[in-house]
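Take 7 as the starting number for the sequence shown in the working numbering and just add one per residue.
Beta carbons are placed, not taken as given, at the ideal position from N, Cα and C, and that holds for glycine.
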Amino acid sequence: MSHIVIIGAGANGLSMAYEMRELARSSDRITVVANDPQFRSVLSPWEEGGAAACGEIEFPLGPRLEKKGIGFTAAGARRVHPDRNQVELGDGASLDYDFLVISAGPKLAFDEVEGLGPAGHTQAVCHVDQAVIASEAWKRFVADPGPIVVGTAQGATCFGPAYQLAFMIESDLRRRGIRDSVEITFVTSEPYIGHLGLGGDTESKALLESAMRAADIECIANASVDRVETGRMYLTEHDARGKPKSDHVLAFKYSILLPACKSIDALAGIEGLVNRCGFILIDEFLRNPKYGNIYAVGVSVAPAQTAQTQAPAEIPKVGYSIESVVTAAANNIRDQMDGKAPSHRPIWNEVSVADLGAAGIGFVELPQTTTPGGNGFSRGNWVHLPRCSSCEGGSGELHQAQEPDRSAGPAHA
Ligand SMILES: Cc1cc2nc3c(=O)[nH]c(=O)nc-3n(C[C@H](O)[C@H](O)[C@H](O)COP(=O)(O)OP(=O)(O)OC[C@H]3O[C@@H](n4cnc5c(N)ncnc54)[C@H](O)[C@@H]3O)c2cc1C
Numbered sequence: 007m008s009h010i011v012i013i014g015a016g017a018n019g020l021s022m023a024y025e026m027r028e029l030a031r032s033s034d035r036i037t038v039v040a041n042d043p044q045f046r047s048v049l050s051p052w053e054e055g056g057a058a059a060c061g062e063i064e065f066p067l068g069p070r071l072e073k074k075g076i077g078f079t080a081a082g083a084r085r086v087h088p089d090r091n092q093v094e095l096g097d098g099a100s101l102d103y104d105f106l107v108i109s110a111g112p113k114l115a116f117d118e119v120e121g122l123g124p125a126g127h128t129q130a131v132c133h134v135d136q137a138v139i140a141s142e143a144w145k146r147f148v149a150d151p152g153p154i155v156v157g158t159a160q161g162a163t164c165f166g167p168a169y170q171l172a173f174m175i176e177s178d179l180r181r182r183g184i185r186d187s188v189e190i191t192f193v194t195s196e197p198y199i200g201h202l203g204l205g206g207d208t209e210s211k212a213l214l215e216s217a218m219r220a221a222d223i224e225c226i227a228n229a230s231v232d233r234v235e236t237g238r239m240y241l242t243e244h245d246a247r248g249k250p251k252s253d254h255v256l257a258f259k260y261s262i263l264l265p266a267c268k269s270i271d272a273l274a275g276i277e278g279l280v281n282r283c284g285f286i287l288i289d290e291f292l293r294n295p296k297y298g299n300i301y302a303v304g305v306s307v308a309p310a311q312t313a314q315t316q317a318p319a320e321i322p323k324v325g326y327s328i329e330s331v332v333t334a335a336a337n338n339i340r341d342q343m344d345g346k347a348p349s350h351r352p353i354w355n356e357v358s359v360a361d362l363g364a365a366g367i368g369f370v371e372l373p374q375t376t377t378p379g380g381n382g383f384s385r386g387n388w389v390h391l392p393r394c395s396s397c398e399g400g401s402g403e404l405h406q407a408q409e410p411d412r413s414a415g416p417a418h419a
């Protein structure tokens with residue numbers, strides 16, 4: 007009998023638990039360690055000026071997992087001890103494991119920039135509680151509008167949602183008839199607009215630059231945020247060599263910036279397990295090279311950087327590859343339980359959509375292909391329509407930027 011412990015009950019951790027239950031033997035135990043008894047989605051809870059109804063994206067984890075024969079605790083992982091195959095829990099108890107899967111997502115590093123985040127002077131939407139606060143602040147803002155700053159701080163791993171937020175904000179202001187009284191500035195650590203942490207492909211640059219221009223949104227790229235005060239943000243813009251090029255002081259009445267992401271404290275500094283940011287080092291089979299019974303999936307993973315950027319930007323980590331990644335990890339654990347070497351490699355391709363308020367942009371990212379131009383981008387109303395229940399239809403034209411190479415796409419696309 008083996009005991010498989012999964013840390014984190016987000017999109018990846020839950021998928022892992024269910025898939026592992028299918029693949030494990032009936033005598034094997036599976037335990038999910040969460041730090042919250044409820045499942046709470048981080049997927050775009052902020053919808054055009056209001057948080058999505060929390061009840062629709064929350065449910066109690068314990069009963070659902072226990073129904074499938076999966077153990078559950080909401081005590082949280084306080085520390086992982088890989089040398090003794092043990093997870094210390096927040097309530098003082100410990101769990102011994104034969105296999106550990108880490109899917110604990112990111113720790114939001116607001117503390118890296120003075121004044122950043124809901125405890126400081128900017129809003130965030132990476133957690134449903136933050137989205138609720140952000141939407142309350144938005145209601146106050148629209149009654150007394152002024153300049154807006156939206157985007158990402160240095161070290162952010164997720165750029166699509168930042169663009170999406172900028173365009174949602176813009177479209178909401180237009181809908182309310184107050185767009186003319188609001189200046190919007192988009193700030194990003196990407197080296198250029200549309201880099202998205204991927205680089206290499208200029209199609210996204212052209213598409214997003216033109217969408218920003220059309221929406222009259224000012225952009226400052228290759229920027230790091232030095233500090234934020236009440237109503238004031240201090241930035242450094244870098245040149246292509248990483249030297250400070252200019253300083254900016256932006257006045258704002260409302261700001262949402264996605265912060266840098268670090269790994270959770272339970273893993274910080276474990277030699278051979280994590281990189282300098284605390285993300286899990288993995289091989290092609292999603293297994294840690296030093297601790298062969300530890301796997302990682304989702305945002306917890308430390309993927310290879312695809313391009314160097316001056317203001318640190320990580321490659322994007324979104325949900326599309328979950329199915330492939332989780333299936334590979336679960337199969338590799340089963341391989342090991344059967345005394346075999348892991349043999350399942352995941353496909354890392356992504357399909358993302360950025361809702362631009364009326365039209366939108368879909369991205370197909372094929373980081374595994376060496377073919378130039380493997381990434382594809384397409385713009386149109388089709389992105390927005392499935393996401394909203396009361397659409398005005400929007401005015402975006404359907405523009406096929408580049409037909410992606412589907413032959414190299416994921417098996418489950
Ligand atoms: C604003 C925003 C919008 C996004 N929109 C999309 C989108 O539309 N589509 C998309 O694919 N991706 C989107 N993403 C990316 C998204 O974050 C990931 O795709 C997805 O949530 C990653 O899943 P995960 O399981 O790796 O991490 P998470 O979903 O973050 O789950 C990790 C879980 O681990 C828990 N945890 C943390 N520490 C501990 C601990 N010590 N012990 C136990 N549990 C712990 C956390 O509470 C959390 O429940 C968005 C991200 C943001 C910030």
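At least one heavy atom of ligand 1 falls within 7 Å of the beta-carbon of L264.
With contacts defined as CB atoms closer than 8 Å, H9 and D104 qualify as a contacting pair. Within the model, the alpha-carbon separation for A221 versus L264 is close to 21 Å. For the set D102, F116, R85, G157, the Cα lying nearest the Cα of G96 is the one of R85. Its chain contains R84, R85, H87, S100 as the residues whose beta carbon lies nearer than 7 Å to that of E94, once the 5 sequence neighbours on both sides are disregarded; these appear in chain order. Contiguous alpha helix (DSSP H) elements confined to the stretch 160 to 195 occur at 166 to 181, taking only those with 4 or more residues.
Residue pairing by DSSP puts R46 in a beta bridge opposite E64. For G77, the pairing in a beta bridge is given by DSSP as T37. Look at P167: its beta carbon is less than 7 Å from one of the heavy atoms in ligand 1. Between A168 and G161, the C-beta gap is not smaller than 8 Å, which leaves the two residues out of contact. The residues P124, Q129, A130, in chain order, have a CB closer than 8 Å to that of Q136 in the same chain once the five nearest residues on each side in sequence are set aside. Put simply, the stretch 300 to 310 touches the stretch 106 to 124. At least three CB pairs are less than 8 Å apart. Excluding five sequence positions before and after I184, the CB atoms of its chain that fall closer than 8 Å to its own CB belong to V148, P151, given in chain order. With a cutoff of 7 Å, S109 counts as near ligand 1, since its C-beta is closer than that to a heavy atom of the ligand.
Distance from the CA of F165 to the CA of M7, rounded to the nearest whole angstrom, comes to 42 Å.
Assigned with DSSP and collapsed to three states, S306 falls in helix. With a threshold of 16 other beta carbon atoms within 10 Å, R293 meets it and is buried. If you look at E224, you'll find it in the beta strand (DSSP E) that goes 223 to 226. Your pair A23 and V39 does not check out as a contact, with CB atoms roughly 10 Å apart and the cut at 8 Å. Secondary structure at K145: helix, using DSSP grouped into helix, strand and coil. Counting only the Cα atoms, C267 lies some 33 Å from M343. DSSP places R90 outside any alpha helix (DSSP H), giving it a letter other than H or E. Distances between the C-beta of S230 and the heavy atoms of ligand 1 are all 7 Å or more. Residue state for L106 is assigned as strand, using DSSP reduced to three classes.
With contacts defined as CB atoms closer than 8 Å, R46 and E64 qualify as a contacting pair. For ligand 1, a non-hydrogen atom lies closer than 7 Å to the CB of C164. DSSP lists V234, L256 as the bridge partner or partners of M239.
Distance from the C-beta of N18 to the nearest heavy atom of ligand 1 is below 7 Å.
At least one heavy atom of ligand 1 is found less than 7 Å from the C-beta of P112. Cβ neighbours of S187 within its own chain (closer than 6 Å, five residues either side excluded): P151. R233 and G82 have their C-alpha atoms some 32 Å from each other.
Residue environment for D102: exposed (fewer than 16 other C-beta atoms within 10 angstroms of its C-beta).
For V11 against A335, the beta-carbon gap comes to about 13 Å, at or over 8 Å, which does not count as contact. Looking at the backbone, the Cα of R351 and that of L202 are separated by about 25 Å. Between the alpha carbons of A159 and S195 lies a distance of about 6 Å.
Taking 7 Å as the cut-off, the C-beta of G161 does not count as close to any heavy atom of ligand 1.
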